[in-house]
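Engineer:
Protein chains: 2
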Amino acid sequence: MKGNCVVAQSGGPTAVINASACGVIQEAMRHPEIDGVYAAYNGILGVMNEQMFDLRKEDPSTIEGLRTTPASALGSCRYKVKTDEDYAKILDVFRRYNIRYFFYIGGNDSMDTADKVNKLAAREGYEFRAMGVPKTIDNDLAFTDHCPGYGSVVKYLATMVMEAGRDTEALYTTDTVNVIEAMGRNAGWIAAGTALAKRSEEDAPHIVLLPEAPFDAEKFKARVDHFLTTIERCVIVVSEGTKNPDGTYIAEQKGEFAKDAFGHTQLGGAGFFIKNLVESEVKVKTRFAIPSTIQRSGAHFASLTDSEEAYTTGVAAVRHAVSGESGKMVTLKRVSDDPYRCETGLASLSDVANGEKLFPTEWIGPDGFSVTDEFVRYARPLIMGEVKPIIDGGLPSFMRFKKNFVRP
Amino acid sequence: MKGNCVVAQSGGPTAVINASACGVIQEAMRHPEIDGVYAAYNGILGVMNEQMFDLRKEDPSTIEGLRTTPASALGSCRYKVKTDEDYAKILDVFRRYNIRYFFYIGGNDSMDTADKVNKLAAREGYEFRAMGVPKTIDNDLAFTDHCPGYGSVVKYLATMVMEAGRDTEALYTTDTVNVIEAMGRNAGWIAAGTALAKRSEEDAPHIVLLPEAPFDAEKFKARVDHFLTTIERCVIVVSEGTKNPDGTYIAEQKGEFAKDAFGHTQLGGAGFFIKNLVESEVKVKTRFAIPSTIQRSGAHFASLTDSEEAYTTGVAAVRHAVSGESGKMVTLKRVSDDPYRCETGLASLSDVANGEKLFPTEWIGPDGFSVTDEFVRYARPLIMGEVKPIIDGGLPSFMRFKKNFVRP
């Protein structure tokens, strides 16, 4: 089927979502079936607003530069496509621009959008192929062994925890406890991944708090005390999604620890909550760090394995689409752990859209504040190797598109 | 003069303070005048508590590993030596352990301590040499062109700002403003350094808030509005020491924006204050990041120039001490900018102890929210080159001493 293609990125960026875009773009340009290779500017919004730019007018070195540039170079959005009008508008734009291939790089919501556009096109008899490319630092997509983006956030955040852990070790006589807040609203995959930093009892992180392990304040304080007694310090990684036994977020809980200066319940407040709890109840000076979006943008120390897999899923999406698949997301299937080997597979967009993969409770350590060796065996291969950024003037150099917008 | 030497680290760690220790230790071991090479565990506290360990009993590869290990591997402290009893105790320990050489790696307070011990020893007729090795991410020591530790914190934090800046650029339709809090209580050197990330108008940081530029809320809001109008986003770096025109810290100011949940004035609250100000007055969604100690521990992306200079200052301290100097701190003297070349020099400990080098106001840009090209020419050479960490299992590998404590 001949026609144009559009690639779009959606949701929270990662260190390697651009590598997936690079895979899609470079592969699309190799297929004579695909004429125009367009990027939707800011995800599905770029389709709805007819803001699509021509990737064939970009320098090939700019496109190659996607492999070492963090965040979403095509632009992203958090727009949730909901109404029939939205979907009709999207399909109308696809028709008018003769877009026959749609590659959507994102998480659950994006897969849902791609699925619904695909079904609408089928109902309306518009020949069209929609493929999903998985992306999320949260690693919570079902039907795939892991998600591109996860290995890099873990590699970088675990490194931060190691390094800040050495800082706490050096200054434990004054700055005794350090709390680092990890992203991950519903699933503890990211916080859990920082446990890879631990090679001995001495090493940070000493306590990991996960959404999947209900927060027990008394057990937690006892665990902090244990480390203050044995190694005189404690580095705590807390997932922003850590929950109380009643299912509410710890950062949302009533009381004096969790409100911002407006009295609003605060997002991203889990680290602050734990810092206040330790200072007021364990009575030791506590620092806290909130790496926030920095953790998911660490292109300068991204996982090479992750980056290559991200690229490969992008390539696979195009190949499958050209060979006739539609309504599928490319998955990663682990063939072996040691040596680590992964292949791509396919899952239906609607299955992925409705699934969510939490951190398995059997991978939580017996103390409730650590992870098992089985998790480490799962996660270690995903952080191997380093992407080498281009350095100019002592700092990484990232690409940016010229963005020549197309007209129908 | 024959005898033992002790090396100590003090204050907040850096990514390269261990490189300075490595320089001291490796050079001390080359001089027959120096018999025992000891480390004081946790700075001057290790002397006062007679907790000193024998560096000749450590593996040479462990000592070499100091070059790629962040924070203070000898242990650090924030103990302020004040009383005559403290100083008498220190000198007594030095006598009993036959310590004739004291190398103190730290900032102003450490130089003051070394100076006073040196003077006391002279008054009491104890043959002794005390040398200071400069260390501070704050870059606020006088009599030296710059301080080891500064180049690395700038390189790493500027990289964080670049990467998080790309995240904001990708998701500006929802997360429009991002505030990143930089360390630096009194001097804006670190926040200013993030401006090195800027290669074009598009690039972060768009606004830099420095302690040396009194905070004008109206001008600031107008500047944020400017960027929202022109590029639809704004990345702000705020020094934790940013002050109001009356000299109080912005994070300390009265009102609803600056208190923690206890109602205490909060340290490290400048980022939170600016986030709240932008959200409530400019009415756009604002994220904030507090890299905290992570920024000063970034061994995995430390500046090679900084690391080598840190090492060199350690070596120079030993050479000068052996050749008869005492009561001095090693300085860095810039010989030329391009090609960049620095030599070591000496300054008196008491001069350094009483000096403080703020960010020059003539290096603040005309808008009050940026820096001049002259500053960039000063700072750029300091971030050149990358320290290559040892990687094991996808993560950096750091050394740790066995610590065989010595007896008199």
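Note that the protein sequences, when read in sequence, are chains A and B.
Heads up: the first sequence at position 299 corresponds to 299 in our numbering, and the numbers run straight through without jumps.
Heads up: the second sequence at position 368 corresponds to 368 in our numbering, and the numbers run straight through without jumps.
Beta carbons are placed, not taken as given, at the ideal position from N, Cα and C, and that holds for glycine.
For A/G327, which of helix, strand or coil comes out of DSSP?
Structural biologist: coil
Engineer: In terms of residues, what are the limits of the beta strand (DSSP E) holding B/G132?
Structural biologist: 129-134
Engineer: Can you tell me whether A/S359 is buried or exposed, with buried defined as 16 or more other CB within 10 angstroms of its CB?
Structural biologist: One point to set straight first is that residue 359 of chain A is Phe, not Ser, in the sequence displayed. Buried.
Engineer: Put B/C5 into one of helix, strand or coil per three-state DSSP.
Structural biologist: DSSP places B/C5 in strand when its eight states are reduced to three.
Engineer: Which whole runs of the alpha helix (DSSP H) in the region 12-57 of chain B are 4 residues long or more, in chain order?
Structural biologist: 17-28, 44-48
Engineer: Distance, Cα to Cα, A/T229 vs B/G314?
Structural biologist: Taking the CA atoms as reference points, A/T229 sits about 35 Å from B/G314.
Engineer: Under three-state DSSP, which class holds A/T286?
Structural biologist: DSSP places A/T286 in strand when its eight states are reduced to three.
Engineer: Could you give the C-beta distance for A/M183 and A/R296, rounded to a whole number, given that I count them as a contact under 8 Å?
Structural biologist: 7 Å
Engineer: What's the gap between the Cα of B/T377 and the Cα of B/L171?
Structural biologist: Checking the displayed sequence, the identity of residue 377 of chain B turns out to be Arg instead of Thr. Going from the Cα of B/R377 to the Cα of B/L171 covers about 32 Å.
Engineer: For the region 275-304 of chain A, list every residue whose C-beta sits within 8 Å of some C-beta in chain B, in sequence order.
Structural biologist: Correct list: N276, S280, R287, F288, A289, I290, P291, S292, T293, I294, R296, S297, G298, A299, H300, F301, S303.
Engineer: Using 10 angstroms around the beta-carbon of B/R425, count the other beta-carbons present and answer buried if the total reaches 16, otherwise exposed.
Structural biologist: Because chain B here runs from 1 to 408, residue 425 of chain B falls outside it and cannot be looked at.
Engineer: Got a sec, what are the start and stop residues for the alpha helix (DSSP H) A/K321 sits in?
Structural biologist: The amino acid occupying residue 321 of chain A in the given sequence is Ala; Lys does not appear at that position. A/A321 -> alpha helix (DSSP H) spans 304-322.
Engineer: Taking beta-carbon pairs under 7 Å, can you tell me which members of the region 135-166 of chain A lie near chain B?
Structural biologist: Of all residues in the region 135-166 of chain A, those with a C-beta nearer than 7 Å to a C-beta of chain B are K155, A158, T159, M160, M162, E163, A164, R166, reading in chain order.
Engineer: Can you tell me the Cα-Cα spacing of B/P60 and A/T176, whole angstroms?
Structural biologist: 30 Å
Engineer: Taking C-beta pairs closer than 9 Å, name the residues in chain B that A/Y329 reaches, listed in chain order.
Structural biologist: The question names Tyr, but residue 329 of chain A is Met in the sequence shown. What A/M329 touches in chain B, judged by beta-carbon distance under 9 Å, is nothing: the nearest beta carbon there is about 21 Å away.
Engineer: Scan the region 69-99 of chain B for residues whose Cβ lies nearer than 9 Å to a Cβ of chain A and list them as they occur along the chain.
Structural biologist: Against chain A - using a Cβ distance shorter than 9 Å - the residues of the region 69-99 of chain B are T69, P70, A71, S72, A73, L74, G75, S76, C77, R78, Y79.
Engineer: May I have the straight-line CA-CA distance separating A/K135 from A/G107, to the nearest angstrom?
Structural biologist: 6 Å
Engineer: Please list, in chain order, all residues of the same chain as A/A317 whose beta carbon is under 7 Å from its beta carbon, the five residues on each side excluded.
Structural biologist: V24, F103, M131, V133, V330
Engineer: Which residue marks the beginning of the beta strand (DSSP E) containing A/R100, and which one marks its end?
Structural biologist: It spans 99-106 - the beta strand (DSSP E) in which A/R100 sits, taken as one unbroken run.
Engineer: Could you check where the beta strand (DSSP E) with B/L209 kicks off and where it finishes?
Structural biologist: B/L209 -> beta strand (DSSP E) spans 207-209.
Engineer: Could you round the C-beta distance between A/E33 and A/K2 to whole angstroms and report it? I think they count as a contact, below 8 Å.
Structural biologist: 5 Å
Engineer: Looking at chain A, which residues of the region 40-68 of chain B have a Cβ within less than 8 Å of any of its Cβ atoms?
Structural biologist: N42, L45
Engineer: So, using beta-carbon positions, are A/G271 and A/I290 closer together than 9 Å?
Structural biologist: yes
Engineer: Under the assumption that B/M162 contacts B/A197 (Cβ atoms under 8 Å), give the Cβ distance between them as a whole number of angstroms.
Structural biologist: Here B/M162 really is in contact with B/A197; their C-beta atoms are around 4 Å apart, less than 8 Å.
Engineer: Looking at the C-beta of A/A182, does it have a partner C-beta in chain B at a distance below 9 Å?
Structural biologist: no
Engineer: With a threshold of 9 Å between beta carbons, is B/I390 in contact with chain A?
Structural biologist: no
Engineer: Is the Cβ-Cβ distance between B/P148 and B/S20 less than 9 Å?
Structural biologist: A contact, by the Cβ cut-off of 9 Å.
Engineer: Quick check on A/F103 - is its C-beta less than 9 Å from some C-beta in chain B?
Structural biologist: no
Engineer: Would you say B/T344 reaches chain A, if we count a Cβ-Cβ gap shorter than 9 Å as a contact?
Structural biologist: no
Engineer: Which residues in chain A have a C-beta closer than 8 Å to the C-beta of B/M384? List them in chain order.
Structural biologist: G393, G394
Engineer: Do B/F369 and B/L141 have their C-beta atoms closer together than 9 Å?
Structural biologist: no
Engineer: Extract the residue ranges of the beta strand (DSSP E) inside the region 140-192 of chain B, only unbroken runs of 3 or more that lie entirely within it.
Structural biologist: 177-182
Engineer: For A/V16, which residues of its own chain have a beta-carbon under 7 Å away from its beta-carbon, when the five flanking residues on both sides are left out?
Structural biologist: Within the same chain, A/V16 has close Cβ partners P148, G149, S152, A302, D306, S307, A310.
Engineer: Just how far apart, CA to CA, sit A/F273 and A/Y249?
Structural biologist: 11 Å
Engineer: In chain A, what lies closer than 7 Å to B/E169 by C-beta?
Structural biologist: A71
Engineer: Determine the extent of the beta strand (DSSP E) in which B/T229 is found, giving its start and end residues.
Structural biologist: Not the beta strand (DSSP E): B/T229 falls in the alpha helix (DSSP H), residues 217-230.
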